[in-house]
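Sequence positions in the sequence shown follow the working numbering and run 1 to 190. Reviewing the structure listed below.
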Amino acid sequence: MRRSFGHIEVICGGMFSGKTEELLRRIRRAKIARQKVQIFKPRIDTRSLEVQSHDSHSVAAQIVDHALEISVWPETRIVAIDEVQFFDDAIVSVVSQLADKGHEVIVAGLDLDYRGNPFGPMPLLLAVAEVVTKLCAICVQCGQTASRTQRLTPDKDVIAIGASQMYEARCRFCHEKRYELCRTMTSYQP
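What follows is the structure, given as structure tokens:
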């Protein structure tokens with residue numbers, strides 16, 4: 001009897017780096033292979049009722065308010081979760097349990113918030129994942145590799161849903177740190 005081994009895979013990076021497009025690519029491949037796929041996204045992302053990339057590719061998703069609402073059928077092989085940074089830390093336990101039951105769990109989300117700080121549960125997910133793919137965009141200021149997301153509006157809330165009208169990709173040097181780093185980080189003066 002063949003045993004099915006599950007695992008956790010994280011696709012992360014800044015906005016406009018292609019995270020959702022990569023998640024959609026993996027979903028398409030799984031469907032071509034006739035694998036049962038379930039797709040989830042948090043209700044807080046009100047831009048669409050589907051998992052949708054910035055280049056308008058999309059797939060239907062189950063909308064959930066909380067990580068503990070994610071319910072997966074036993075025959076499901078692939079569990080895909082987009083915008084995972086919007087969930088609370090319970091998402092780590094949920095995806096770990098799914099992987100322990102033999103599901104391949106692929107999550108996509110921002111690893112850093114607009115201030116350049118680790119975003120929500122992403123540090124924990126990155127730590128427990130077997131596979132991590134970090135994608136980068138192109139800095140709109142200088143054309144270099146962009147790993148940060150610059151907020152263009154004065155809103156100081158960590159979560160502000162938007163796209164190109166509110167955010168742009170920036171490299172480490174062009175990213176404007178308008179607000180202090182998280183309190184757990186210390187300054188280093190070389």
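Cβ atoms here follow ideal geometry from the backbone N, Cα and C, with glycine treated the same way.
Counted as a single uninterrupted DSSP element, the alpha helix (DSSP H) harbouring Glu-22 occupies residues 19 to 32.
Where Ile-39 is concerned, the enclosing beta strand (DSSP E) starts and stops at 37 to 42. Taking C-beta separations shorter than 8 Å and ignoring five residues to either side along the sequence, the partners of Gly-13 in its chain run Lys-19, Leu-110, Asp-111, Lys-134, Leu-135, Cys-136, Ala-137 and Ser-147, following chain order. When secondary structure is reduced to three states using DSSP, Leu-152 falls in the coil class, being assigned neither helix nor strand. If you look at Val-94, you'll find it in the alpha helix (DSSP H) that goes 90 to 100. Here Val-140 carries a coil assignment [DSSP, helix/strand/coil]. Cα atoms of Glu-104 and Val-84: separation of roughly 15 Å, rounded to the nearest angstrom.
Pairwise C-beta distances place the stretch 19 to 35 out of contact with the stretch 112 to 126, as fewer than three of them are shorter than 8 Å.
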